[in-house]
Structures are given as structure tokens and as C-alpha cells.
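There are 2 protein chains.
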Amino acid sequence: MPSYNAPLRDMRFVMDEVFDFAAGYQTHGLTDATPDLVDAVLEESAKFASEVLAPLNRTGDEEGCHFDNGVVTTPKGFKEAYQQYVDNGWAAMSGPVEFGGQGLPASLGLVVNEMTAAANYAWNMYPGLTHGCASAIRAHGSQEQKELYLNKLVPGHWTGTMCLTEPHCGTDLGLIKTRAVPQADGSYSVTGTKIFISSGEHDMAENIVHLVLAKLPDAPAGTKGISLFIVPKFLPDANGEKGERNGVVCGSIEHKMGIKASATCVMNFDGATGFLIGEVNKGLNCMFTMMNGARLGTGMQGLCHGEVSYQNAVAYAKDRLQMRSLSGPAEPEKPADPIIVHPDVRRMLLTMKAFNEGNRALAYYTAQLLDSAHYSQDEAVRANAEDQLAFLTPICKAFMTETGLEVTLLGMQVFGGHGYIREWGQEQQVRDCRIAPIYEGTNGIQALDLLGRKVLMSQGKLLRAFSKEVHLFCQANEGHAQFGEYFNKLTALNAQWGELTQKVAVKSMQNKEEVGAAAMDFLMFSGYVIHAFFWLKMAVVAQQKLEAGSSDAAFYQGKLATQEFYFKRLLPRAQAHVEALEAGADALMRMTADQF
Amino acid sequence: MPSYNAPLRDMRFVMDEVFDFAAGYQTHGLTDATPDLVDAVLEESAKFASEVLAPLNRTGDEEGCHFDNGVVTTPKGFKEAYQQYVDNGWAAMSGPVEFGGQGLPASLGLVVNEMTAAANYAWNMYPGLTHGCASAIRAHGSQEQKELYLNKLVPGHWTGTMCLTEPHCGTDLGLIKTRAVPQADGSYSVTGTKIFISSGEHDMAENIVHLVLAKLPDAPAGTKGISLFIVPKFLPDANGEKGERNGVVCGSIEHKMGIKASATCVMNFDGATGFLIGEVNKGLNCMFTMMNGARLGTGMQGLCHGEVSYQNAVAYAKDRLQMRSLSGPAEPEKPADPIIVHPDVRRMLLTMKAFNEGNRALAYYTAQLLDSAHYSQDEAVRANAEDQLAFLTPICKAFMTETGLEVTLLGMQVFGGHGYIREWGQEQQVRDCRIAPIYEGTNGIQALDLLGRKVLMSQGKLLRAFSKEVHLFCQANEGHAQFGEYFNKLTALNAQWGELTQKVAVKSMQNKEEVGAAAMDFLMFSGYVIHAFFWLKMAVVAQQKLEAGSSDAAFYQGKLATQEFYFKRLLPRAQAHVEALEAGADALMRMTADQF
Chain A
1 MPSYNAPLRD MRFVMDEVFD FAAGYQTHGL TDATPDLVDA VLEESAKFAS EVLAPLNRTG
61 DEEGCHFDNG VVTTPKGFKE AYQQYVDNGW AAMSGPVEFG GQGLPASLGL VVNEMTAAAN
121 YAWNMYPGLT HGCASAIRAH GSQEQKELYL NKLVPGHWTG TMCLTEPHCG TDLGLIKTRA
181 VPQADGSYSV TGTKIFISSG EHDMAENIVH LVLAKLPDAP AGTKGISLFI VPKFLPDANG
241 EKGERNGVVC GSIEHKMGIK ASATCVMNFD GATGFLIGEV NKGLNCMFTM MNGARLGTGM
301 QGLCHGEVSY QNAVAYAKDR LQMRSLSGPA EPEKPADPII VHPDVRRMLL TMKAFNEGNR
361 ALAYYTAQLL DSAHYSQDEA VRANAEDQLA FLTPICKAFM TETGLEVTLL GMQVFGGHGY
421 IREWGQEQQV RDCRIAPIYE GTNGIQALDL LGRKVLMSQG KLLRAFSKEV HLFCQANEGH
481 AQFGEYFNKL TALNAQWGEL TQKVAVKSMQ NKEEVGAAAM DFLMFSGYVI HAFFWLKMAV
541 VAQQKLEAGS SDAAFYQGKL ATQEFYFKRL LPRAQAHVEA LEAGADALMR MTADQF
Chain G
1 MPSYNAPLRD MRFVMDEVFD FAAGYQTHGL TDATPDLVDA VLEESAKFAS EVLAPLNRTG
61 DEEGCHFDNG VVTTPKGFKE AYQQYVDNGW AAMSGPVEFG GQGLPASLGL VVNEMTAAAN
121 YAWNMYPGLT HGCASAIRAH GSQEQKELYL NKLVPGHWTG TMCLTEPHCG TDLGLIKTRA
181 VPQADGSYSV TGTKIFISSG EHDMAENIVH LVLAKLPDAP AGTKGISLFI VPKFLPDANG
241 EKGERNGVVC GSIEHKMGIK ASATCVMNFD GATGFLIGEV NKGLNCMFTM MNGARLGTGM
301 QGLCHGEVSY QNAVAYAKDR LQMRSLSGPA EPEKPADPII VHPDVRRMLL TMKAFNEGNR
361 ALAYYTAQLL DSAHYSQDEA VRANAEDQLA FLTPICKAFM TETGLEVTLL GMQVFGGHGY
421 IREWGQEQQV RDCRIAPIYE GTNGIQALDL LGRKVLMSQG KLLRAFSKEV HLFCQANEGH
481 AQFGEYFNKL TALNAQWGEL TQKVAVKSMQ NKEEVGAAAM DFLMFSGYVI HAFFWLKMAV
541 VAQQKLEAGS SDAAFYQGKL ATQEFYFKRL LPRAQAHVEA LEAGADALMR MTADQF
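Okay, here's the thing in C-alpha cells:
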């Protein structure tokens, strides 16, 4: 039976020692988030994750969701765990105080979410999407809508969805066919079919609030004619409580590779009553509020599955006895040595550790930006944080899920044949993780978003802002006694980042396909550089602690060893992406469709 | 519903145009394999694969095998398909004539196996393992054993297994606990538990012949004390027919990530009657005969799943309409363009095509070596073929499965959200393929076998032999008008291959861990070089055909485009492996176990 223990030591290392979350809370006036409270939140959510959610992960996968005539039943224990989550205030933790939230920092919310999601990703989808739905209503809803829905969504009494995809369109939302016809009372009659709706129907909460993209009868064609509607499963009554049943039903649930305990629904809207949110024909903008959060959350999925896979792979590698170390028996009293002595097993474990911890550093850095964007009193700070978030979001989503998937595949491999057997749990991490590079915009779409919209459309501004941080860090550490060669490497990569961007920009003026042809390799290159940046940041801190005579030396030495491994054995991949990228579009475009 | 159509045009390109199988058949006196007969075999087996086996692939996955009190029931239709396979002589095709086989070339057997395995890998496991079992008996059994068992195994009336793994040992067979006690009549009483036994029990054939590794009571410790036994489910009676039930029963079947229709059994031997095969304590050598075949077969699994995934991904990419080409609408009369116009979709499809076809070339090259090793009249030719097989087997097993898995993961990605839904079939290819890098010796073990046993222990001889072929090919094409830059690249890589080997050899004299630390990157580098070699071979042929005015120009232009793509966008990865390899063992070994 696989297990999950929240890696609090690693998490605190990043929160407290690398980034100093506490200082940020002070700056932003988040005075409720005292060190004691943060400690208590971490300890308690770690317990909830490992004791309540983790034990339901394998059983949830085996049992899956059941569908019967419009009714969806979640696996045994899911509903009770959700009730506990709501009752103990976890749902409301980082929600706004005026709607029943506790107003704790977004960054702390992300950290807690890492634990609940790692323990049981499928379960976590239900509250996860609710946060996205609530934030869209908060950003774009009327005061009345906020009061009506946020008071229910923020504490988790009701859950939320986002209904975008239709059978014939996912990426290309301009093609949607769902129609919203204005009614005399100011509401809309919504009709159409949405697919792949996570948590579209379930038995965990008393009501479900759907955010639905639809077109008015006279809407312009394409994405400029899309509006966003609130379509609750039960219409709120005069007291804001669950009232009359609305015309939206679940038609079926999907049979999936993984996250089987998360209900993925076909939702049929048949003259359902909907309420416009935001302006007519500006629905896509509203939806993006929700999607950016969801993209960060999906990036976290790569870390979450990677972490669980790593924990169990390390335990297995220390326990499984097989062959002798080539350097001579490590444990001569046993029939064989634990496989963690073998260099190739270490290669796999170190790859997992390096990607996971690099991803955590990236995620927590981004979490601090969320705090700045939400809470800073300084407009310039807020604007800069928004810019950095815009730049980092597609990288978090795509790089964290690409590497997360690689980590889970390695975590199976460490187990040998047992990795393929369901009871051991490693293969579920792969199946559950495999959706992350696909949904919330495929990683190919993230790459286009990064290179096309974020980097090139800003004339390189967003890249330069981040790149400057890297530059200042390198400059401050030039000729570093311990890490000199690594700082030189990072300095060179950082310069190359800008040069590559220039080259693509020039080429794309002659051939528009160059951006699409370069995008994925550009994103992966960016990810490797960013991990290098964060690994050096972590190494510098670890080195300082060791020099100060820390009593936790093994922990910091592990960080230094992993930083060396990352630079020597993973970072070389960055140049393969450069070469592929520089090959340009011709090698992709010369094939005619019938030659495939 | 996914489909599979045997890619006969591609297969014939490699068989006829790149390697000239027919000439080999003439040289080896395989006169039965006339061009007409080969044609008929290809056409008929393609039909059997796509019409009989492929339709059972999804249903077999959904239904899985059922276990009830020692009895295993395969999915609906499996038994009937197997009967057809036996009745139509497919089982016996490349088996020895003296035992009911048709004596057709091993290479043709491999090609036919590509089709049946691609159509339904789980089903193909049942006959697949039988071939391995039969070849071990043929190589090491007594005349009596051959007559008794091969007459049943070769035509497929009985099936075979290989029983190596036990709960506490897979890679480290020296630890096995199964015991074989000599009996007065010359037989042995075999007792122990074997796990992960593919086709250990099923309902498709009337008897099952287990080859079992066990230790005599007085056997030396470790791998030098292992003997091999034939343990049939039913003991043959005086007429060689199925007789008395033997003391071996299936205790349970595993719940797996994929190949669910293949029964993976726990087999309990309880004083079962076994017959020694080969010499006492030489069991591991006998088993290697079987394993080498199985390793090639497992390498093919990477190609098979990759091919199916590619076929369906191309069909989807031509059919699915989403967004417009950045170069302007490709199909303006439709609501959007097919996604095959987008460069990033092409990047994925071309990666799939390049790896699949490179893998097919490698596999068919190896198949020709099988013919030479089996049938050549010339001892030197046979010895050289054996050497090359020894060298290429771990590369086929590991590189073809690593890349095959990558291909199936991309094949899911092309489908977007639909890739995650079981009905579409793409995710099954990933799940089924995922076992291939693990079983028959993990890819890490293959890498050690390649670098340690094959390359370094032969003092580089086996590598030099292959490398010389590459060298001669490059030399003959130096300054090639069309492919000059690619030949330069291959020449450089070929030289680097030898230099890397030297470096590791020198380092390993000081630190034994260097071989293990370098092995996986060395194997991957080797695979990329070998693919580059075969892609240039294919490109040269395609270019010649185009210059000769072939009417099949689109086909050959596709080959040229894919060769360019491979060199420009995939081959750069080789240098990342070089850098990682050259980083050496220290970055892996400095972590203490508790720092993980």
C-alpha cells in the first residue's frame, strides 16, 4: 500500500529559508498569518492529507465514480472526507473574509493544496475547481451574484465547475455551439452540450454552480462572441438557499485512464436558467481569470504525483534487496544489498528528487507572486507580480507536468515488475498524472502562449523582467568560491535565452510557422534554465547553513548533491532543445499531410 | 474505436529495398521462402491481425482475465482466435520442420509477429512465450524431450512459459528458493513459488509447459547453483498426449496497469514432477537462450504500440478541426483546419514516425542476423551474426521500448482530452507499452549488459564490429551531394562512440561504479547513433528511387523529410547523454542513503 507523508521539512526549506514567506506576509499586512498559525496550518493539513485523504486514493481509483440515470456517486469515503474538509475550515482557508473565508494568504493556500492534492488528486479536483469558480465570480460578478454564490462556494457548501469544452471544440473555443437566449426577466435560457466537465455532477455537496461559456443568438462569430453564464444545478431561492432544480443534467461520465474518482461529466443544458456574468461577449476574458489559477493548479499536479512517486520509490529502493554493490557488499549480513546502492537506481531517484524540488521552488516562488498580486498596497509591485505570473503560468503548467510525468514513470521503473502491479500504487501515479500535460490547455498550447503571447507580443518585456532577476543573482555571486562554475553556466544560459528569443522573433517575421515550430522547445529550455536558477538559489542557502554549522547537515548536503546532479546530468538537455529549436520550421512543414 | 492496419508498404520498404531479405534467403538456402510465398504470408497475416486480433484488443483490455480457484479464463474471443492461429499454421510458421513447423525464416517470423503483436499485444503474449520455451528446449533438451514437447509446442497445441522470478528476486536470480529434489526415477520434485508468470495458466490450449529455474538441495550458492526444469501442467502420457495433472497450480493473477488480457500468474509448485533440461547448475545459461529471444520480442513491443498509436494519431490529426493554420486557412470551407497543419502537432507526429521507422529498421536488421545465425552454412558468418546479436539485443530491448513509450505518450497527446478517454484506445497503448521497459530485464539491466558485458568485457570488439559497418557506409558516401552534412554528422558520432567507450573503460579501472553510472546514457547514445545510421540508409534508398523516377514519390519524400527531422530535431539529444555520461559516478554516489 503506497503512502504519502507531507514533506514538511522540504516545504519549510523553500517557504522559510529560500523565499521567506513570513517577510512577505508582513509586507503585505497579512498579519493573521503569524508563524505559529502557519505552523499549525501545515501540521494539521499534513495530518488531514496523510490520514484522511491518502487512504482513499487507491480505493477511489479501484472503485471509480458510478453513474446511474443522471446521478453520480463518488467512491466510498469521499463524501465524508469532503464534509470534514468543509467542517474544519480547509475549504474556506484562503477565501475572502467577507464571504465566509479566513483570508489567509494565497501562498499558504497553495502549500496546503500541495498536500491535499498529493494525497488524493482525484478527490482534490472537487474543491480545486470550486476555488477557480469562486475567483471568477469574485473578479467579474455583480455584488448580488457575489453575495448569492460566494457565501456558499467559499466555505465549500456548494461546489463549482467550468464548462468550456464541447464535443467538437476544446482548444478552439470560437467554435462553441451552446446558445444563451435572453429572457424577459433578464436571465438567459442556456441550451447545449458540454463535455469533460470535472465535478459536473456528484454527491459531495448540496449544489453545483456551473460557469458556462455560451453564445447569444446575435453574437459575433468566433471568440469575440462568447459570453459567460452562471448556471446553478439548483436555483437559489429567496433566502439564497438551494431552491428549484434547473434544466441541467449529467448525461454520462467518462471512462478514463486515471483520476477515476473524479467525475468527468457530459453536461446537457436544456433551456437551463443562466445568469450573465461580466459583459456580453467578454466571456473568454472572464474565463481566463479562472483558467490561470487552474493552470497553476495543474502544474502543481506534476509536483504532487512526482512527490508521492518519489517517496514510495525511495522507500522501496532502501528495502528491496537485489544484487551486490559493485564497490563491495554494502550490507554483507543480508542476502543482497538494497537497490539504492546501484548507480542507475540513484540516477532515477536523483532525477525525481531534482525535478520535484525544482518544481516546488518554482511553484512557491509563483505563490509569492500571487500574494503580491492580491495583497500588495503598491500598484507597481502588483503590476510587476501580474507580469511575472503571466510569464510563469504556462511554464508552471507545462514544465511541471512534463517533468512530473517523467518522475512518475521513473518511480514505476524503480519498482521493477512491482511497479506495474496496481496494489503497489506507483502505476496509479502515472495514470493520474498523465492528464496534466493535456487538460487546462495542452502543453503545446501553453508553449504557444508563452512564446507567442507572453514573450514575443510583449516585445520580450516579460522575459527580460525574469531574466534580469537571474542576472542580478548571478552578478551578486560572480566568482563564488563554491559554485563559480555553476554561476558561469547559469549566466551563459540566461544570455542564450534572450538570444534565442531574438532569433525566433526575426525568423517569425518571414514565416509565421516559426513560432509554433519553436514553442515547445523554447518552453522546455526556459524550464531547464529556471530550474537551474532555483537550484542555485537553494544551493547557496544550503551552503550558508552548513557553513553556519547547522545541526541538520545531512539535509543540506542532500540539497548540494542534488544541485550538482541537476547541473551535470539534467541541464545538458537544455542544449538539445536549443538545437531542435534552431532547426526551424522547415523540417516540420515540408511533409505533406498524405506523407504522414 | 482505434484501428490497426499492418503498414505493409513501410515493412516491405525495409525488407525489400533497404535490406533485401530475399537475397539473404537465397544465400542461406531458405528456398521455400519465395517472393510469392512471402507476399502471401504478409497479406494473410496482415488480414488476420487487423480482422481477427485487433477487434479483440479493446474488449480484452476492458474484460481482462478472470481467476477462479486456480482456473484462468481469458477474455471473450481470445480462445477462438488462438484456435484459428493454430489451425491456419501461424504458430508453426517459423518452427523446425522435424517437429511440425514450416521452417520459414526467423526473419519472416519476426515480421509476422510485428503484426499480430501490434494488433493485440496481450493476446500475442500466449504464443510469444511459447516460441521462447520451444527454442530453449530445442537448444538444450534431450532428443526425447524435444520429441515429447516440441511436437506439441511448435504447432501451438501446447503453450509454454518461463518461470524465473520469485517474490524476493527478479534481477538477482542467485537468490531463488524454489527447490528441486532428485527422485528415484530420474525426475525431480519441484517446490516453490514463482511470480509474474505470463500465460502461467489460461484456457487457450490443452497443456502448458513451464520452464522453471530451481536449485538442487546441494547446489552451490548464487547463480552457479541454478538448474532448469521442464514442469508440464499435465504430464505427457505414454503416447505423448496430455496425461496426469501435475502438482503446479495458479494461486492468483495480478491486477496490472495494462496488458490486462495477458494472465500474469503466481504459480505454486508443490512437489511437482520436473525434468532436468541441460546440465545441473547450468540452468541460467539455458534460460539465456530463451531470454535473448524474449528481449528482442520485448523490443518489438515498443515498435508495435508505437505503430498503432501513430496510425490513430495521424487519422485523428487529419480529422479533428481546431484553429486555423498561422499561414492562412488550409481548408477555408470548413469551420477550422485539421490540426495536422499546426507545427507542434507535426513535431509530435514526426517524432513518432521517426522513432517507429528507425526502430523497424533496427529490428529487421536484427532479424536478418537471426537468419544468418540460424541458417548460414558459413561458420564465420554465423559467429559474426551471434556477436552482432549479442551487441544489439540490449539496445533493441531498451532503446526500442524507451522510444516506443515516448511515442505512445505523444500519440495520446495528439488526441488532447480524448487521448485520456478509454474508448479512443490511445491510453491503452501507453498502459500496455509501459511494461516493456521493465520486464525481461529492466532497461537499466540491459544498459549494464550492453556496456559491461558486451562492450567492455569484449574489449570493445562487439562495438567495433558494428561501428565498422557504420564507418564503411560513411566512407562509401563521403561528400554525398544530397546528404553530405548528415554523413559528416554520423561519422563524428561514430568516432565519439569509440572515444566514450575508452573514457569509461579508463575511469572504471579506478572506480567500479563508473560503468553503472554511465550505462543508461551510453545505451541511449548508442540507440541514437544506430537510428541515425539506419535513417541515412533509408534516405539513400529513397533518394535513389526518386532519382529513378519512382511513381511512389510521396512515400519516398516522406522518408527524406523524416530523416531530416530525425537528424535536426531528435539526434541532438545524443549530446545530452554524452554530457551526462561524462559527468561520471561522483554526482550519483555522493548522496548517502538517508539524504534521499
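So the sequences go chain by chain: A and G. So in full-length UniProt numbering, the last one in the first sequence is 596, and the numbering has no gaps at all. So in full-length UniProt numbering, the last one in the second sequence is 596, and the numbering has no gaps at all. The beta carbon of each residue, even a glycine, is placed where N, CA and C say it ideally should be.
(request) Please report how far the alpha carbon of residue 437/A lies from the alpha carbon of residue 23/A, in whole angstroms. (result) Counting from 1 along the first sequence, the entry for residue 437/A is found at position 437. Counting from 1 along the first sequence, the entry for residue 23/A is found at position 23. Their Cα atoms are separated by approximately 34 Å.
(request) Between the Cα of residue 215/G and those of 229/G, 104/G, 203/G, 207/G, spot the shortest distance and give me the residue it belongs to. (result) In the second sequence, counting from the first residue as 1, residue 215/G sits at position 215. Comparing Cα-Cα distances from residue 215/G to each of 229/G, 104/G, 203/G, 207/G, the minimum goes to 229/G.
(request) Note down, in chain order, each residue of its chain lying with its Cβ closer than 6 Å to the Cβ of residue 385/A, except the 5 sequence neighbours on either side. (result) Position 385 of the first sequence, counting from 1, holds the residue named residue 385/A. Closer than 6 Å at the Cβ level, and outside the excluded window around residue 385/A, lie 369, 372, 373.
(message) Just to confirm before moving on: does the CB-CB distance between residue 342/A and residue 516/G stay below 7 Å?
(response) In the first sequence, the residue the question calls residue 342/A occupies position 342. In the second sequence, the residue the question calls residue 516/G occupies position 516. By the CB criterion at 7 Å, residue 342/A and residue 516/G fall inside the cutoff.
(request) Enumerate in chain order the residues of its own chain whose CB-to-CB distance from residue 52/A is below 7 Å, with the five nearest sequence positions on each side excluded. (result) Here the question's residue 52/A lines up with position 52 in the first sequence. Correct list, in chain order: 81, 84.
(message) Rounded to whole angstroms, what is the Cα-Cα separation between residue 176/A and residue 6/A?
(response) Walking along the first sequence from the start, residue 176/A turns up at place 176. Walking along the first sequence from the start, residue 6/A turns up at place 6. Between residue 176/A and residue 6/A, the C-alpha separation is close to 41 Å.
(message) When you compare the CB positions of residue 259/A and residue 122/A, do they come within less than 7 Å of one another, or not?
(response) Numbered from 1 along the first sequence, position 259 holds the residue referred to as residue 259/A. Numbered from 1 along the first sequence, position 122 holds the residue referred to as residue 122/A. Yes; because the gap between Cβ atoms is below 7 Å, this pair is in contact.
(request) Within the same chain, show all residues whose beta-carbon is closer than 8 Å to that of residue 274/A, passing over the 5 residues directly before and after it, in chain order. (result) Looking up residue 274/A in the first sequence gives position 274. Taking C-beta separations shorter than 8 Å and ignoring five residues to either side along the sequence, the partners of residue 274/A in its chain run 180, 187, 188, 189, 190, 212, 214, 229, 230, 231, following chain order.
(request) Compute the Euclidean distance between the alpha carbons of residue 42/A and residue 543/A, then round it to the nearest angstrom. (result) As a working note, residue 42/A is residue 42 in the first sequence. As a working note, residue 543/A is residue 543 in the first sequence. Distance between the alpha carbons of residue 42/A and residue 543/A: 26 Å.
(message) Distance cutoff 7 Å, beta carbons only. Does residue 420/A sit that close to anything in chain G?
(response) As a position in the first sequence, residue 420/A is number 420, starting the count at 1. Chain G, which has a Cβ nearer than 7 Å to the Cβ of residue 420/A, makes this yes.
(message) Between residue 167/G and chain A, is the shortest Cβ-Cβ distance under 7 Å, so that the two count as touching?
(response) Against the second sequence, residue 167/G aligns to sequence position 167. Taking Cβ atoms only, chain A never reaches closer than 7 Å to residue 167/G, which makes this a no.
(request) Output, in chain order, the set of chain G residues within a Cβ distance shorter than 7 Å of residue 349/A. (result) One-based indexing of the first sequence puts residue 349/A at position 349. Here the neighbours are 596.
(message) Below 8 Å on C-beta distance, what does residue 177/A contact in chain G?
(response) Taking the first sequence and counting its residues from 1, the one referred to as residue 177/A is at position 177. In chain order: nothing, as chain G lies at least about 10 Å away.
(message) Between 495/G, 325/G, 347/G, 377/G, which has its C-alpha nearest residue 406/G's C-alpha?
(response) The residue labelled residue 406/G in the question sits at position 406 within the second sequence. Check the Cα spacing between residue 406/G and each of 495/G, 325/G, 347/G, 377/G: the tightest is with 347/G.
(request) Check whether the region 90-100 of chain G touches the region 136-155 of chain G, taking contact to mean three or more Cβ pairs, one atom from each stretch, closer than 8 Å. (result) The region 136-155 of chain G and the region 90-100 of chain G touch, with three or more beta-carbon pairs separated by less than 8 Å.
(message) Mapping the DSSP letters down to three states, classify residue 244/G as helix, strand or coil.
(response) For the purposes of this step, residue 244/G is identified with residue 244 of the second sequence, where counting begins at 1. Strand.
(message) For the pair the region 442-458 of chain G and the region 414-433 of chain G, tell me if three or more CB-CB distances fall below 8 Å.
(response) Of all C-beta pairs linking the region 442-458 of chain G to the region 414-433 of chain G, fewer than three are shorter than 8 Å, placing the two stretches out of contact.
(request) Using a Cβ cut-off of 7 Å (strictly closer), state whether residue 138/A contacts chain G. (result) Start at 1 with the first residue of the first sequence, and residue 138/A comes out as number 138. Judged by the 7 Å Cβ criterion, residue 138/A is not in contact with chain G.
(request) Measure from the C-beta of residue 156/A to each C-beta in chain G and report whether the shortest distance is under 7 Å. (result) Taking the first residue of the first sequence as position 1, residue 156/A is located at position 156. No, its Cβ sits nowhere closer than 7 Å to a Cβ of chain G.
(request) Could you name the residues of the same chain whose beta carbon sits closer than 7 Å to that of residue 280/G, not counting the 5 residues immediately before and after it, in chain order? (result) Counting from one through the second sequence, the residue named residue 280/G turns up at place 280. Within the same chain, residue 280/G has close Cβ partners 216, 227.
(request) Measure the C-alpha to C-alpha separation of residue 257/A and residue 420/G and round it to an integer number of angstroms. (result) In the first sequence, the residue the question calls residue 257/A occupies position 257. In the second sequence, the residue the question calls residue 420/G occupies position 420. Residue 257/A and residue 420/G: Cα-Cα distance of roughly 6 Å.
(message) So if I threshold CB-CB distances at 7 Å, which residues from the region 310-336 of chain G count as touching chain A?
(response) Result list: 314, 318, 322, 323, 326, 327, 335, 336.
(request) Within 10 angstroms of the Cβ of residue 540/A, are there 16 or more other Cβ atoms? Answer buried if so, exposed if not. (result) Walking along the first sequence from the start, residue 540/A turns up at place 540. Buried, by the Cβ-count rule.
(request) Taking all protein chains shown into account, decide if residue 183/G is buried (16 or more other Cβ within 10 angstroms of its Cβ) or exposed. (result) For the purposes of this step, residue 183/G is identified with residue 183 of the second sequence, where counting begins at 1. Here residue 183/G is exposed. Its C-beta has fewer than 16 other C-beta atoms within 10 Å.
(request) Decide if the region 518-533 of chain A is in contact with the region 353-364 of chain G; the criterion is three or more beta carbon pairs, one per stretch, under 8 Å apart. (result) No, the region 518-533 of chain A is not in contact with the region 353-364 of chain G.
(message) Rounded to the nearest angstrom, what separates residue 221/A and residue 174/A at their Cα positions?
(response) The residue labelled residue 221/A in the question sits at position 221 within the first sequence. The residue labelled residue 174/A in the question sits at position 174 within the first sequence. Their Cα atoms are separated by approximately 7 Å.
(message) Within the continuous alpha helix (DSSP H) that includes residue 54/G, where are the two ends?
(response) To locate residue 54/G, count along the second sequence from 1; it is residue 54. In the DSSP assignment, residue 54/G falls outside any alpha helix (DSSP H), carrying neither H nor E.
(request) Please state whether DSSP places residue 31/A in a helix, a strand or coil. (result) Taking the first sequence and counting its residues from 1, the one referred to as residue 31/A is at position 31. Coil.
(message) On the CB-based measure, 16 or more other CB atoms within 10 Å of its CB, does residue 61/A come out buried or exposed?
(response) Within the first sequence, residue 61/A is the residue found at index 61, counting from 1. The residue is buried, with at least 16 neighbouring Cβ atoms inside 10 Å.
(message) On the criterion of 16 or more Cβ atoms from any shown chain inside 10 Å, does residue 34/A qualify as buried, or is it exposed?
(response) Numbered from 1 along the first sequence, position 34 holds the residue referred to as residue 34/A. Flag for residue 34/A reads exposed.
(request) Determine whether the Cβ of residue 549/G lies closer than 7 Å to any Cβ atom of chain C. (result) Given the protein chain composition of this structure (A and G), no chain C is represented.
(request) With distances taken Cα to Cα, identify the nearest neighbour of residue 37/A among 76/A, 102/A, 74/A. (result) Here the question's residue 37/A lines up with position 37 in the first sequence. The closest CA to that of residue 37/A, considering only 76/A, 102/A, 74/A, is found on 102/A.
(message) Taking only three categories from DSSP, how would you classify residue 645/G?
(response) Residue 645/G falls outside the range modelled here, since chain G spans only 1 to 596, and no answer is possible.
(request) Determine which residues of the region 243-276 of chain A have a Cβ less than 8 Å from any Cβ of chain G, and write them out in chain order. (result) The region 243-276 of chain A vs chain G, Cβ under 8 Å: 254, 255, 256, 257, 258.
(request) Please work out which residues of its chain come closer than 8 Å, Cβ to Cβ, to residue 537/A, disregarding the five sequence neighbours upstream and downstream, and give them in chain order. (result) By one-based count along the first sequence, residue 537/A stands at place 537. So the list reads 18, 361, 473, once near-sequence residues are dropped.
(request) Ignore the nearest five residues each way along the sequence and tell me which others in residue 316/G's own chain have a CB closer than 7 Å to its CB. (result) Here residue 316/G refers to the residue found at position 316 when the second sequence is read from its first residue. Correct list, in chain order: 414, 415.
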